[in-house]
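**Student:**
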Amino acid sequence: MKPVIYIPGDSGALALGADKVAASIAGELKQRGIEASIVRNGSRGAYFLEPMVEVETQAGRVAYGPVRAAQVKGLFDAGFLSGGAHELALGDPEEIPFIARQTRLTFARCGITDPFSLEDYERHGGLAGLRRAATMAPAQIVAEVTESGLRGRGGAGFPTGIKWKTVLDTGDVQKYIVCNADEGDSGTFADRMIMEGDPFVLVEGMAIAGLATGATKGFIYIRSEYPHAVAAMRRAVEIARGAKVLGPDVLGSGRVFDMEVRVGAGAYVCGEETALLDSLEGKRGMVRAKPPLPAHKGLFGRPTVINNVISLASVPIILDRGAAYYKDFGMGRSRGTIPIQIAGNIRHGGLFETAFGLTLGEIVDDIGGGTATGRPVKAVQVGGPLGAYFPRALFDTPFDYEAFAAKDGLIGHAGIVVFDDSADMLKQARFAMEFCALESCGKCTPCRVGSTRGVEVLDRLAAGIAPDSQIELVTDLCNTMKFGSLCALGGFTPYPVMSALTHFPEDFKPAPMREAAE
Amino acid sequence: MVMQGAGTGIEAQVASIVDGMKGMEGPLLPILHEVQEEFGYVPHEALPVIARGLNLSRAEVYGVVSFYHDYRKEPAGRHVLKVCQAESCQSMGSDDVAARLRQALGIDFHQTTPDGRVTLEPVYCLGLCACSPAAMLDGEVIGRIDADRIDEIVAEVRA
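Protein sequence lines, in the order shown, are assigned to chains A and B.
In this text, residue positions in the first sequence follow our numbering: the first is 670, and each later residue adds one.
In this text, residue positions in the second sequence follow our numbering: the first is 762, and each later residue adds one.
1. Counting only runs that start and end within the segment 883-957 of chain A, where is the beta strand (DSSP E) found for 3 or more residues in a row?
2. Thinking C-alpha only, which one of A:Phe858, A:Gly743, A:Thr782 and A:Phe785 is nearest Tyr716 (chain A)?
3. With a cut-off of 8 Å, does the C-beta of Lys742 (chain A) fall near any C-beta of chain B?
4. Kindly indicate which residue of A:Lys699, A:Arg1122, A:Arg713 and A:Glu704 has the alpha-carbon position closest to the one of Ile676 (chain A).
5. Hey, does Leu889 (chain B) have any beta-carbon neighbour from chain A nearer than 8 Å?
6. Cα-Cα, which of A:Pro784, A:Asn977 and A:Asp1128 is closest to Gly866 (chain A)?
7. Note the first and the last residue of the continuous alpha helix (DSSP H) segment covering His794 (chain B).
8. Using the DSSP secondary-structure output, state which residues sit across from Ala1012 (chain A) in a beta bridge.
9. Do we get a CB-CB distance below 8 Å when we pair His840 (chain B) with the residues of chain A?
10. Would DSSP call His1017 (chain A) helix, strand or coil?
11. For a test of the three-state rule: what should DSSP assign to Ala767 (chain B), helix, strand or coil?
12. So with Cβ pairs under 8 Å, would you call Pro913 (chain B) a contact of chain A?
13. If you count every other CB in all the chains shown that lies within 10 Å of the CB of Val763 (chain B), and 16 or more means buried, which is it?
14. Residues in its own chain within less than 8 Å of Leu949 (chain A) by CB, not counting five upstream and five downstream?
15. Report back the beta-carbon spacing between Arg730 (chain A) and Val736 (chain A) to the nearest angstrom; my notes put them in contact at under 8 Å.
16. Below 9 Å on C-beta distance, what does Gly1013 (chain A) contact in chain B?
17. Name the chain B residues whose beta carbon is nearer than 8 Å to that of Lys966 (chain A)?
18. Measure from the C-beta of His871 (chain B) to each C-beta in chain A and report whether the shortest distance is under 8 Å.
19. Distance cutoff 8 Å, beta carbons only. Does Phe767 (chain A) sit that close to anything in chain B?
20. Could you give the C-beta distance for Gly1037 (chain A) and Ile1015 (chain A), rounded to a whole number, given that I count them as a contact under 8 Å?
21. Closer than 9 Å, Cβ to Cβ, to anything on chain B: give me those residues from the segment 1067-1089 of chain A, in chain order.
22. Between the segment 767-783 of chain A and the segment 952-962 of chain A, do at least 3 Cβ pairs fall closer than 8 Å?
23. Check the Cβ of Leu683 (chain A) against every Cβ in chain B and list those closer than 7 Å, keeping chain order.
24. Taking Leu789 (chain B) as the query, report the chain A residues whose CB atoms sit under 9 Å from its CB, ordered along the chain.
25. In terms of alpha-carbon separation, which member of B:Ala860, B:Ala908, B:Gln774 and B:Arg863 lies closest to Pro938 (chain B)?
26. I need the boundaries of the beta strand (DSSP E) containing Ile846 (chain A), first residue and last residue.
27. Using a Cβ-Cβ distance under 8 Å, would Tyr895 (chain A) count as near chain B?
28. With Leu793 (chain B) and Glu894 (chain A) assumed to form a contact (beta carbons below 8 Å), what rounded beta-carbon distance in angstroms separates them?
29. Below 8 Å between beta carbons: does that hold for Asn710 (chain A) and Ile781 (chain A)?
30. Would you please state the rounded distance, in angstroms, between the beta carbons of Ala1083 (chain A) and Ile1009 (chain A)? I believe it to be under 8 Å.
31. Apart from the five residues just before and just after Leu789 (chain B), which ones in its own chain have a Cβ nearer than 8 Å to its Cβ?
32. Hey, Leu744 (chain A) and Leu759 (chain A): beta-carbon distance below 8 Å or not?
33. Apart from the five residues just before and just after Gly1018 (chain A), which ones in its own chain have a Cβ nearer than 8 Å to its Cβ?
34. Going along the segment 799-832 of chain B in order, which residues come within less than 7 Å of chain E, judged by CB to CB distance?
35. Does chain A have any CB closer than 8 Å to the CB of Val884 (chain B)?
36. Check whether the segment 1155-1162 of chain A touches the segment 1098-1118 of chain A, taking contact to mean three or more Cβ pairs, one atom from each stretch, closer than 8 Å.
Printed below as a string of structure tokens:
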């Protein structure tokens, strides 16, 4: 049997030198005259072990990592192609605790298969959902998704099936499926990982959405900061079209669905669904007032399903295994699994897919292993730049949409950024305002002007000018932004600001007092 | 096909890009991306050509170009170095990385070195948040940047 070597082509692995490792391995193979095939798989998400190289042996797959190019020769000398012992040996990758503890539904194939082999995709359960959907009436597909309890994974948590039903029920002849892949929140990379590591699952999810709602055309709007994901999706769409998974006769069903990949242009606000639609139409990415909902008047004024990447990528398994199977995972009204992205100053950073319900403390301390710097955790920001900062005192909060809302936070796209005790929360609050000013589309005054005034107020606070009245001002300003902005950019910027102020008041004392306190 | 009134080389090239892409649904952003790919920036002369081709006003086209951070009004340096300044990278010292790069290259963010070798830009998240601090050099991703890596980057862009 010709050895098979897996070296991730995921951009997180590339950022840590995976291409150099691949080149070294190819060089050694040539020099030693060994015939082997190299598969550039996705990442399994354990970034602290990337680049993680796996070899297919008689006893199954064996992992080695994190591998540096200079260690490749040693791996060959140790006979890693047949699973030989080496200090980098990790054994069966499925047994690595970070991976073994997960429940992988959406990411079931990510890091395992060749992302561009449709055969591999099908061998690992791919296309079963779409095949089943192709035999069902649209309303049945929608009912299955509604029944699964799947909620929008982009952050808002709106029931996906309800959104689809609204679009199905409209009579328009032209409807669209739009995939929001404008994953701009710091601390999140689930969309990027699935697009690079298992792009067909997104293609399949969108095709199912098309069959379910009567939409014949899809767009995937990917941010320009993700060139590897753009290339991967374009390639996957092309392959899927060639295999008649997309096109005028989806899997021989006689139904039409095709899609196009579009690239953003560096505007964070385009992650907001209505701004994204304007951007796709070729306009400035300005937020629209709702109603009308995109489900009624979306892209080019047509009924449009707009869903996040992970929502759509979770659909194939729901159609394949049934709503009850998916619904069985989770807690309360948060059903199924969520890919938690553990990031920032963290020892074991990566993507951890699990049923809802783990506590924040379990995620950060237990799974993440505490900070990378080894210092105490001071704060974790959950849900991106618009998410709240949580102190240790709230580490018992379970990962669930409602539980986080009850603590004045949000789970957003499930990114968690960990900060050690060197973090200055006044600086973080100021950054939240600064970022809002930089990225505001300008439509709502509280967001456009308020964010700039917010930076100024926090600067005066840092300079010790009338601190009490600055705190009063920023609190009032946050209230105005929260209730006076159309979208989450202006409306949620108060979350990081107010949570920093509420939970870390000592950082908001003026400089002379802070120095005196130390 | 060259559109009417296309005089200079830039205008003719832009006209042919517009012509090839105007059949797309919502063609403006893809056209601007293509123009920037071709020239390295969106030349001022391109705007009226695009406006004519898509039956838009010049103000509408300019409004779109100026809204998005990606579109350049002038060419960038030979290398483009984007340094992530978002929260995850902040937690791992991206302020310090940026300060060192600014000092080593002698330029601030949004500037190009006088010799045209490198343009330095902030970026807000590259999706490499489990490998912070991160950067992107000419489209190549770099994670867990430390002092040695900064030296390597500086040497590469100066070469």
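No residue lacks a Cβ here, since even glycine has one placed at the ideal position from N, Cα and C.
Just so we're clear, the structure is a prediction, and the values are computed from it rather than from any experiment.
**Tutor:** Let me spell this out:
1. As far as the segment 883-957 of chain A is concerned, its whole beta strand (DSSP E) runs of at least 3 residues are 886-891 and 927-932.
2. Of A:Phe858, A:Gly743, A:Thr782 and A:Phe785, the residue nearest in Cα terms is A:Phe858.
3. It does not; no Cβ of chain B falls within 8 Å.
4. A:Arg713
5. At a cut-off of 8 Å between beta-carbon atoms, Leu889 (chain B) makes contact with chain A.
6. A:Pro784
7. Leu789 to Phe800
8. A:Val1086
9. Taking 8 Å as the CB threshold, His840 (chain B) stays off the interface with chain A.
10. In the structure shown, His1017 (chain A) falls within a coil segment according to DSSP collapsed to helix, strand and coil.
11. Unreliable placement is indicated for Ala767 (chain B), whose pLDDT of 44 sits below 50; no coordinate value is reported for it.
12. Note on identity: in this sequence residue 913 (chain B) is Glu, with Pro being the wrong assignment. No, Glu913 (chain B) lies away from the interface with chain A (no Cβ there is under 8 Å from its Cβ).
13. Note on Val763 (chain B): pLDDT 43, under 50, position unreliable in the model; no value is reported.
14. Closer than 8 Å at Cβ, skipping near neighbours: Val847, Phe888, Tyr890, Arg931 and Leu968.
15. About 15 Å separates the two Cβ atoms, so there is no contact after all.
16. Glu848, Ser849, Cys850, Gln851, Ser852, Met853, Cys890, Ala891 and Ser893
17. Those within 8 Å of Lys966 (chain A) in chain B number zero; the least Cβ separation is about 15 Å.
18. no
19. no
20. 5 Å
21. Gly1084, Val1086, Val1087, Phe1088 and Asp1089
22. no
23. For Leu683 (chain A), the chain B residues whose C-beta falls within less than 7 Å of its own C-beta are Val902, listed in chain order.
24. Glu950, Gly951 and Lys952
25. Residue 938 (chain B) lies beyond the stretch modelled for chain B, which goes from 762 to 920, so this question has no answer here.
26. For Ile846 (chain A), the enclosing beta strand (DSSP E) has its first and last residue at Tyr845 to Ala850.
27. Taking 8 Å as the threshold, the shortest C-beta distance from Tyr895 (chain A) to chain B falls below it.
28. Not quite, the Cβ-Cβ distance comes to about 17 Å (not below 8 Å), so this is no contact.
29. Taking 8 Å as the cut-off, the beta carbon of Asn710 (chain A) is found closer than this to the beta carbon of Ile781 (chain A).
30. 5 Å
31. Ile811, Leu815, Leu817, Val822 and Val825
32. no
33. Only Tyr716, Phe717, Ile1011, Ala1012, Gly1037 and Ala1041 meet the Cβ criterion.
34. Protein chains in the displayed structure are A and B, and chain E is not among them.
35. yes
36. yes
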